[in-house]
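Residue numbers (our numbering): 3 to 382.
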Ligand code: GLA
C-alpha cells in the first residue's frame with residue numbers, strides 16, 4: 003500500500019513537472035519596463051520580444067511604436083535596423099514630425115483638403131500637412147495614443163496584442179472604432195503585424211506601420227546604396243501637394259521602375275516632375291498581387307548582407323526615401339539624417355475616399371477590416 007502511494011506521488015509530481023515545463027515552454031518571456039510618462043502623465047511601457055533565433059523587437063504602447071529591431075548581419079552580428087529612441091522623449095518631442103516606427107491611423111497617408119464624403123455627408127478632419135491636407139490621421143493620430151498592451155504568443159513566437167478604442171468624432175472621423183494590432187515574431191527572423199478594426203458607424207480606415215529602415219544599421223549615413231525591388235508594375239502619380247492625381251501609371255521607363263533590384267540612389271536625383279514633387283521617392287506603388295499575403299518588396303544592403311522582404315495583404319505600398327529627415331532627431335543610432343532610412347508603408351492608396359477608382363477604404367458596421375504585413379529578415 004505504502005509503495006503504491008509512493009509510486010502515485012512520484013507519478014503525480016512528474017506530471018506536475020511536465021505541465022510546468024510545457025507551460026514554461028509555451029508562455030512568452032516578454033520583458034516589460036517603464037519607458038516614460040506621456041504628455042498627459044500616463045506611464046507608458048517598453049516591451050521586448052525575443053525569438054529563439056535571437057531576433058529582438060522592442061515596442062512601446064505609446065503609439066504602438068516599434069523602437070528597435072535587432073537582426074544579424076552576414077557575420078551573425080546583431081544590429082538595429084530601424085530608427086528609434088531609447089526613451090519616450092524622442093517620440094513626444096515637438097521636433098518629431100517623422101512618425102518613427104509608429105502605428106498610423108485612422109487614415110494613413112494623405113486626404114486632400116482633409117475632406118471626404120460618406121453617404122452624402124461631408125467630414126472635415128485636421129489639415130495637419132502644411133495646412134493643406136490631412137496626414138496620418140490628423141493632429142493626434144493613433145501614433146500619439148496610448149494603446150492597451152497584453153503580452154501573448156508562445157516562447158517560440160512571442161507576441162504583443164495592442165488595443166485602442168478611437169471614439170466617435172475623434173479627429174473628425176465618424177464612428178467609434180475598435181482597433182486591434184498584434185505584433186508577433188515568426189520562426190524566420192520575421193516580424194508579423196496583424197491589424198483588425200470594426201466600427202459602429204460608416205467610416206474610413208487605412209492602417210500601417212511607419213518604421214524607417216536602414217539595413218546597415220540605424221544611424222548609418224544613407225540608404226542610397228540599398229537595393230530595392232518592388233512588385234509593382236504601376237504607381238499612383240501625385241500633384242505638388244503629394245496627393246494622387248487619380249491616374250494609375252506604368253513604371254516602365256521611369257525612375258519608378260523597381261521591378262528588378264535597383265539601388266535607391268540610381269535615379270533619385272534625376273530631373274523628373276514626380277521626383278521633384280516628392281523631393282525624392284514619396285509615392286504609392288500599386289502592388290501586382292491581387293489576393294493573399296504576397297511579396298511586395300525586397301531590400302538588400304551590400305555591406306552588411308542584410309536582406310528584408312516585405313509581404314502584405316494590402317493593395318499598395320508607400321515607398322518614402324526619408325526626404326524630410328534632416329538630422330534634428332537624435333536617436334539610439336545618432337542623428338537621423340537626410341535619406342538615412344527608407345519606409346515601406348503597406349496600405350490602401352492615399353486619398354482613396356476621394357478617388358472612386360481606388361480600392362475602397364470604407365468600413366461599415368458589421369464589417370471587419372483585416373490586414374497582415376510581414377517584415378522578414380535574412381542575409382546574403
Ligand atoms: C509619410 C509621407 C511623407 C512624410 C512622412 C513623415 O511617409 O508620405 O511625405 O510625411 O510620412 O515625415
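Just so you know, even glycine gets a beta-carbon here, dropped at the ideal spot from N, CA and C. Note that the structure is a prediction, hence the values are computed from the model and not measured.
Fully enclosed by the region 107–151, which beta strand (DSSP E) runs are 3 residues long or longer? 117–120, 123–126
Would the beta-carbon of residue 201 fall within 8 angstroms of that of residue 177? Yes, they are a contact pair.
Say the cut is 7 angstroms; is the CB of residue 244 nearer than that to a heavy atom of ligand 1? yes
For chain B, check one thing: does any of its Cβ atoms lie closer than 8 angstroms to the Cβ of residue 118? Judged by its chain identifiers, the structure shown contains no chain B, having just a single protein chain.
Just tell me which of 161, 49, 331 has its CA closest to the CA of residue 96. 331
Residue 306, buried or exposed, once every other Cβ within 10 Å from all chains shown has been counted against 16: buried
Quick check on residue 223: buried or exposed, where buried means 16 or more other Cβ atoms within 10 Å of its Cβ? It counts as exposed.
Taking the C-alpha atoms as reference points, what is the distance between residue 167 and residue 218? 37 angstroms
If you draw a straight line from the alpha carbon of residue 281 to that of residue 130, how long is it in whole angstroms? In a straight line, the C-alpha of residue 281 is about 19 angstroms away from that of residue 130.
Go ahead and pull the three-state DSSP assignment for residue 178. coil
Rounded to whole angstroms, what is the Cα-Cα separation between residue 75 and residue 31? 25 angstroms
Spell out a yes or no on whether the region 226–233 and the region 295–313 are touching, meaning 3 or more CB-CB pairs, one atom from each, closer than 8 angstroms. yes
If you run the structure through DSSP and keep just helix, strand and coil, what is residue 379? strand
What does a CB cutoff of less than 7 angstroms around residue 141 pick up in its chain, not counting 5 residues either side in sequence? 128, 130, 173
Less than 8 angstroms between the C-beta atoms of residue 92 and residue 103, yes or no? no
Report, in whole angstroms, the separation of the C-beta atoms of residue 319 and residue 347, which I expect to be a contact under 8 angstroms. Indeed they touch by this definition, with Cβ atoms about 7 angstroms apart.
When 157, 232, 250 are compared against residue 238, the one with the closest alpha-carbon: Nearest of 157, 232, 250 to residue 238, Cα basis: 250.
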